[in-house]
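Residue numbers (the working numbering): 1130 to 1331.
Heads up, the beta-carbon is just placed ideally off N, CA and C, and yes, glycines get one too.
Since the structure is predicted, the reported quantities are computational estimates derived from the model, not experimental observations.
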């Protein structure tokens, strides 16, 4: 017969930071999980069964296209835009199942000194689907892909780009300027922003 651990009443998904403040999974046996379990055990209802699971990481890059004011130095404008995007996606601000409002990011870029207009901002793992559709990154910004025949939503490592998280259809998830979060509990992370934020200043 199945144990109650096979059918928990509460699922808790966890992620942690590494030394570079990048998201990583918490391995079983880690002291953090031991302490979390002890803490939860003090407050849970006796009939509750709790399962602590690994959260999922969805990495992405940002591609932007802006128009500068005539008197502005385009290199300076580009650097200011990149810094604004990096600060906007600080991992401290990201949570499980949090949507991303692209229109809010465009509004932030409009406030950057020297920017006259924002043509588009694209969140993606490979192609600029709002621009010319070309690959913008040397390799896709994911390592794990969903096995389409697996109904349990397990992810399969493809060793596409080690160090990155799971594949996500940003184009399909973009609903009127809002990137919908994954149904599977995950956190969006702008990893390696110095390489994964690219833009054009016209």
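Is residue j closer than 9 Å to residue i when the C-beta atoms are compared?
i	j	result
residue 1151	residue 1318	yes
residue 1274	residue 1295	yes
residue 1195	residue 1329	yes
residue 1258	residue 1293	no
Out of curiosity, what's the CA-to-CA distance linking residue i and residue j?
i	j	result
residue 1198	residue 1309	33 Å
residue 1331	residue 1323	21 Å
residue 1140	residue 1207	43 Å
residue 1238	residue 1228	19 Å
residue 1215	residue 1241	13 Å
residue 1133	residue 1178	In this prediction, residue 1133 scores a pLDDT of 46, lower than 50, which makes its location untrustworthy; the coordinate-derived value is nonetheless stated afterwards. Looking at the two C-alpha atoms, the distance is approximately 7 Å.
residue 1223	residue 1156	21 Å
residue 1299	residue 1244	26 Å
residue 1297	residue 1304	14 Å
residue 1181	residue 1172	15 Å
residue 1200	residue 1192	24 Å
Is DSSP giving residue i helix, strand or coil here?
i	result
residue 1155	coil
residue 1237	helix
residue 1204	helix
residue 1186	strand
residue 1299	helix
CB of residue i to nearest heavy atom of the ligand MG: below 8 Å?
i	result
residue 1198	Ligands displayed in this structure: none; no statement on the ligand MG is therefore possible.
List the whole-angstrom C-beta distance separating residue i from residue j, where the pair is believed to meet the contact cut-off of C-beta under 8 Å.
i	j	result
residue 1145	residue 1165	Residue 1145 to residue 1165, Cβ: 11 Å. No contact.
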